[in-house]
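These notes concern the structure reproduced below.
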Amino acid sequence: MTSPRDLDRPARPLTARPLSRGDLRLLVLSLLADQPRHGYELIQLISDMFVRVYTPSAGSIYPVLAQFEAAGWVGAVEEGGRKRYALSALGQAELEAQRDEVDAAVHRVRDSARTITKANLPPSVRDALRELKHALGLCHGRWQDDNAAAVAEALREAAARIRAQGR
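Quick note, in the UniProt record's numbering, the sequence shown goes up one by one and the last residue is 167.
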């Protein structure tokens with residue numbers, strides 16, 4: 001039987017780098033554009049993207065934030081012993097100047113996270129997911145409203161049961 005502690009570890013080691021060179025900087029820039037954040041919050045958000053199979057270290061996040069602060073791209077406000085980083089006007093301009101690179105990095109990160117997450121699914125779950133995708137594809141766009149609603153509800157129920165088991 002699998003213990004809850006075992007579920008925190010990848011089922012198998014990562015075979016590819018989760019982030020391409022420079023993607024962490026671009027991802028942090030993108031996440032700070034959404035709203036001001038603490039360094040720890042950035043670590044958790046990125047970890048959640050990878051379903052905790054990959055978590056960036058504080059030693060990789062905080063130097064990026066320090067570089068951004070030195071460049072004037074972010075301002076930091078001390079809150080209860082922690083810094084909250086907010087994108088400055090200069091940082092916003094940098095984000096816009098690198099918009100294509102940022103968008104491409106976010107896309108690569110999502111693809112990498114999806115690939116790593118799938119690779120770490122138990123084989124039985126991966127096979128069942130493949131069967132589900134095949135069954136959905138058999139409809140070839142010929143969905144009736146009532147059928148679509150029933151399938152959507154079944155998927156929501158399955159998701160809720162999976163989330164409940166993960167707690």
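Note that CB positions come from ideal geometry on N, CA and C, so glycine has one too.
Fair warning: this is a prediction, and the values are worked out from it, not measured in the lab.
Among the options, the one whose alpha carbon lies nearest that of residue i
i: K83; options: A160, L95, E94, A66; result: A66
i: E71; options: A159, L121, L95, Y40; result: Reading off the sequence shown, one finds Ala at residue 71, where the question assumed Glu. Answer by Cα proximity: L95.
i: S88; options: F68, V53, A119; result: F68
i: Y85; options: A97, E101, P63; result: P63
i: P36; options: A128, D111, G91; result: G91
i: P18; options: L129, E157, T115, E101; result: T115
i: A93; options: E79, W143, W73, N147; result: W73
i: F50; options: G81, R110, D146; result: R110
i: I162; options: C139, A150, V125; result: V125
i: G22; options: Q98, A150, E157, E79; result: Q98
i: A128; options: L155, D100, Q165, V77; result: L155
Residue i vs residue j beta-carbon contact at 7 Å
i: I61; j: G75; result: no
i: V102; j: S20; result: no
Residue environment, residue i, which counts as buried when at least 16 other CB atoms sit within 10 Å
i: S112; result: buried
i: N120; result: buried
i: I46; result: buried
i: L32; result: buried
i: L42; result: buried
CB contact below 7 Å: residue i versus chain B
i: P123; result: Of the protein chains in the structure, only one exists, and it is not chain B.
Check whether the region 105-112 touches the region 19-28, taking contact to mean three or more Cβ pairs, one atom from each stretch, closer than 8 Å. yes
Quick check: the region 127-139 against the region 46-61, are there 3 or more CB pairs under 8 Å? no
Mind listing, in chain order, the continuous beta strand (DSSP E) runs of no fewer than 3 residues lying wholly within the region 27-114? 74-79, 82-87
Curious, which full-length alpha helix (DSSP H) runs of at least 4 residues does the region 121-161 contain? Scanning the region 121-161 from its first residue to its last, the whole alpha helix (DSSP H) runs of 4-plus residues come out as 123-137.
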